[in-house]
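I have placed the structure first, in the form of structure tokens, so that the comments after it can refer back to it.
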């Protein structure tokens with residue numbers, strides 16, 4: 057039946073013509089020798105259950121071949137330096153255009169990379185400041201300018217007619233030269249006159265005087281300057297040759313005066329000009345793009361080297377509770393008999409400066425907070441305290457004390473802006489480049505819209521401003537208007553970094569390319585998905601083919617063409633079940649996706665809402681954009697935290713609740729976000745587990761059964777067989793991680809890799825074990841007619857039936873089937889699992905432990921990532937199984953099906969960034985529809 061329908065679908069597919077991309081005989085991973093057509097210049101969605109072969113088709117076949125063809129077009133010399141690319145297992149691909157893959161990996165871990173540098177907006181800002189920026193002196197607040205020849209000529213032309221002008225430059229006596237020698241040099245250069253006491257004097261006549269008279273005549277001794285007379289002019293309507301003559305004279309004056317010259321006007325007024333970039337006695341740096349780069353030694357702050365942070369005294373450790381006052385002991389180190397004297401001294405002196413010692417630290421003004429830290433002439437502050445501690449570091453107790461309060465803190469030199477002070481003197485519209493990077497993207501866009509520039513500046517900055525505005529608008533369109541340009545790239549989620557790469561791709565305006573995106577809607581609220589669809593269509597309208605691996609219903613509705621993979625996962629998938637537009641997929645009886653889209657199948661686990669008696673409350677959360685909110689998390693139920701992207705969900709759960717609970721339990725945790733306290737039934741929880749989508753193992757030998765500890769059982773079963781006992785085999789002989797039973801030639805990998813320098817590495821099946829990974833004598837040991845290699849090639853579903861006699865083993869494998877991973881092979885390498893699959897393997901390892909482990913609090917960050925409607929059903933069943941075992945779940949999620957099935961919903965918002973961070977709703981999901989400002993309510 058299934059095959060017939062696939063044949064029918066093949067007829068409805070677009071026929072191959074020059075405008076389509078045709079894949080023939082794709083066999084990568086689990087693909088079953090399939091032929092697929094991708095219509096060109098269309099918006100195409102590839103969907104299907106998790107593990108059905110979507111990524112194998114798009115990333116591992118289509119993109120890999122596009123990338124390989126590009127690499128092959130380079131010279132052999134260039135190819136040896138590139139990552140070597142394997143040819144995907146496919147007969148051929150026709151009509152392929154240049155391919156760009158935008159995956160959800162957080163592409164950078166370096167603390168130097170920021171949102172501004174990733175989107176290239178910062179590069180344009182650097183150029184704008186270098187070309188249009190004005191350097192403002194920090195002393196007088198005046199603009200620093202340098203005069204050139206044209207400025208001086210203009211000044212002369214603007215004087216009243218018949219004004220007498222003398223062009224002068226100061227007479228300088230160089231080291232080790234007599235005055236007479238200096239004058240001789242001037243005559244050799246062709247100068248004839250000096251200008252002394254506002255009168256010309258011939259150099260020849262001066263040279264006839266004796267040394268004493270000469271010095272007196274030039275008045276060098278009493279500091280009155282003598283000048284060299286360069287030229288004399290009477291202002292009139294100048295001809296062109298007059299202008300040339302004046303320009304030459306001015307140029308000579310600048311050269312002789314080493315960058316400085318004077319105009320004497322009508323024998324009374326002296327005008328000074330300088331072509332040095334200085335003012336108020338400071339020599340300023342001329343703005344160039346590298347002056348604004350924190351990745352360049354020229355522009356980076358010399359103290360923090362462009363990182364913006366240094367290792368110093370961490371204010372959050374010194375004052376952990378901002379709600380306490382100085383009198384109540386808010387300053388943590390000022391405690392005890394001896395060190396408490398600092399607090400007493402400060403409190404006694406406070407009245408003199410009207411410092412409110414009973415006021416919470418959080419409510420102090422900037423001046424008061426600075427006084428507490430820096431002190432003044434008579435009262436000593438926290439900085440003075442730590443200065444004294446550093447003087448006593450030869451005593452061990454002081455070293456221990458200092459280590460307690462050390463941490464990453466904003467650089468005192470650049471205040472966290474990462475640039476040298478000279479770069480921050482350059483301003484546009486009254487702001488320096490560091491201030492722009494601290495603004496949210498949506499506010500920055502408004503700032504640029506209201507920026508007023510002179511005609512000259514507009515002409516220079518026209519092209520740059522166009523690029524900046526276009527990129528800022530795209531960031532807002534993909535729902536990232538709440539980010540700041542100085543936000544570190546390694547602090548972004550996978551979905552955010554993917555959408556930032558999308559911004560960069562749109563900014564480059566490529567056409568006739570193939571874009572492959574892996575679930576771009578991850579981390580997006582349904583409200584923001586609408587904006588994302590517009591951006592993807594914009595990309596398509598530039599004559600690009602946009603292929604999106606996606607499960608989101610909204611995106612499928614808007615797609616031009618859908619390819620549904622299946623029917624199930626892993627070796628049961630890898631075929632095209634249906635292809636066509638949205639209506640054709642819905643009408644296809646074999647498409648599982650179609651059934652969910654049409655409503656024939658739904659995710660609705662009917663249940664009686666659970667009651668709760670215990671809970672944990674986060675009080676006064678103020679980290680990032682959270683507006684001093686208190687949130688109650690019920691225990692022993694499924695609690696979902698929702699809200700638009702950037703509303704503060706991750707901050708609340710992953711930066712405050714998770715690390716704070718771990719610290720209360722005495723475990724290691726990252727820095728805890730700002731909040732007042734965590735109260736409630738904390739003692740009822742024995743352990744806190746954060747289950748994210750990081751890979752479960754880096755090694756190619758790591759696999760799901762070793763992760764859930766079921767492989768130990770399998771090895772024990774084989775070690776118990778009679779032949780093993782005869783040959784003295786133990787459990788370790790059935791492991792491919794130790795040198796006992798594994799093949800010595802390939803070290804249990806099953807293949808040998810031959811490096812080919814500038815061609816792709818060749819992977820050959822190991823000749824000794826024929827890819828079976830174990831020694832011959834180990835493979836002779838069998839259980840029910842199958843050896844260890846055959847077992848590892850089985851799927852989880854088959855293995856559970858095969859090992860039904862071995863109760864413990866079947867029970868250990870059961871959780872993998874429960875979380876919907878029955879299709880994966882027991883020996884499948886961990887690095888071939890998707891993020892969603894890795895997360896579910898972690899979930900299975902906890903399901904397998906049963907009730908013996910106490911009461912755990914699980915925190916999931918978007919567990920539906922990479923999950924088809926069909927798999928969300930299984931995921932929710934696993935969640936309920938954990939709750940039945942007596943555990944609690946807190947899930948950050950945007951998926952409406954998970955939200956509907958929650959016991960308790962916490963909605964943050966209403967908007968992102970500054971306009972978010974408030975508690976919009978807390979209660980049963982059904983009641984959120986009554987809350988008008990909740991976007992989640994609208995989409996439910």
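Residue numbers (this note's numbering): 57 to 996.
Yeah, the Cβ is synthetic: ideal placement off N, Cα and C, and Gly gets one too.
Treat the numbers as computed from the prediction; the structure is a model and nothing was measured.
- Secondary structure at residue 731: coil, using DSSP grouped into helix, strand and coil.
- The beta carbons of residue 542 and residue 81 sit no closer together than 8 Å.
- 743 is the residue among 858, 743, 596 whose C-alpha sits nearest the C-alpha of residue 909.
- Selection 588, 790, 763, 762 evaluated against residue 775 yields 790 as nearest (Cα-Cα).
- In this structure, residue 968 sits near residue 703, with a CB-CB distance shorter than 8 Å.
- Separation of residue 361 and residue 340 (C-alpha to C-alpha, rounded to the nearest whole angstrom) is 20 Å.
- Spanning the alpha carbons of residue 916 and residue 745 requires a straight line of approximately 9 Å.
- Using a C-beta cut-off of 8 Å, the segment 427-436 makes no contact with the segment 329-336, since fewer than three inter-stretch Cβ pairs fall below that distance.
- Contact between residue 674 and residue 958 does not hold, since their C-beta atoms are separated by about 18 Å, which reaches or exceeds 8 Å.
- Residue 116 and residue 887 have their alpha carbons spaced roughly 13 Å apart.
- Rounded to the nearest whole angstrom, the C-alpha separation of residue 252 and residue 471 is 51 Å.
- The criterion of a C-beta distance shorter than 8 Å is not satisfied by residue 781 and residue 806.
- Between residue 370 and residue 465, the alpha-carbon positions lie close to 5 Å from each other.
- In the structure shown, the three-state DSSP call for residue 137 is coil.
- Where residue 557 is concerned, the enclosing alpha helix (DSSP H) starts and stops at 550-563.
- When beta bridges are read from the DSSP output, residue 821 appears opposite 807.
- Apart from sequence neighbours up to five positions away, the residues of its chain that approach residue 218 with a beta-carbon distance below 8 Å are 290, 291, 292, ordered along the chain.
- For residue 631, the beta-bridge partners assigned by DSSP are 622.
- Judged by DSSP in its simplified three-state form, residue 105 adopts coil rather than helix or strand.
- Spatial neighbours of residue 114 in its own chain (CB-CB distance under 7 Å, excluding positions within 5 residues in sequence) are listed in chain order as 102, 572, 603, 605.
- Scanning its chain for C-beta atoms nearer than 6 Å, with the 5 sequence neighbours on each side dropped, one finds around residue 736 the residues 671, 672, 673, in chain order.
- Annotation: residue 398 is outside any beta strand (DSSP E); the continuous alpha helix (DSSP H) that includes it extends over 396-406.
- Your pair residue 838 and residue 822 does not check out as a contact, with CB atoms roughly 21 Å apart and the cut at 8 Å.
- Of the candidates 785, 445, 614, the residue whose Cα lies closest to the Cα of residue 394 is 445.
- As far as DSSP is concerned, residue 536 takes part in no beta bridge.
- In this structure residue 175 is in contact with residue 527, their Cβ atoms being roughly 5 Å apart against a cut-off of 8 Å.
- The Cβ atoms of residue 347 and residue 284 do not sit closer than 8 Å to each other.
- For the alpha helix (DSSP H) assignment, the uninterrupted runs of no fewer than 4 residues enclosed by the segment 272-330 are, from N- to C-terminal side, 296-312.
- Distance between residue 731 and residue 380, taken at the CA atoms: about 12 Å.
- Spanning the alpha carbons of residue 655 and residue 159 requires a straight line of approximately 30 Å.
- The DSSP-derived three-state label of residue 194 is coil.
- Counting of Cβ neighbours within 10 angstroms places residue 249 among the buried residues, the total reaching 16 or more.
- Between residue 615 and residue 652, the CB-CB gap reaches or exceeds 8 Å.
- For the set 788, 770, 880, 873, the Cα lying nearest the Cα of residue 842 is the one of 770.
- A straight line joining the alpha-carbon of residue 448 with that of residue 454 spans about 6 Å.
- Using a Cβ-Cβ distance cut-off of 8 Å, the segment 76-90 and the segment 139-152 are in contact, since at least three pairs of beta carbons, one from each stretch, lie closer than that value.
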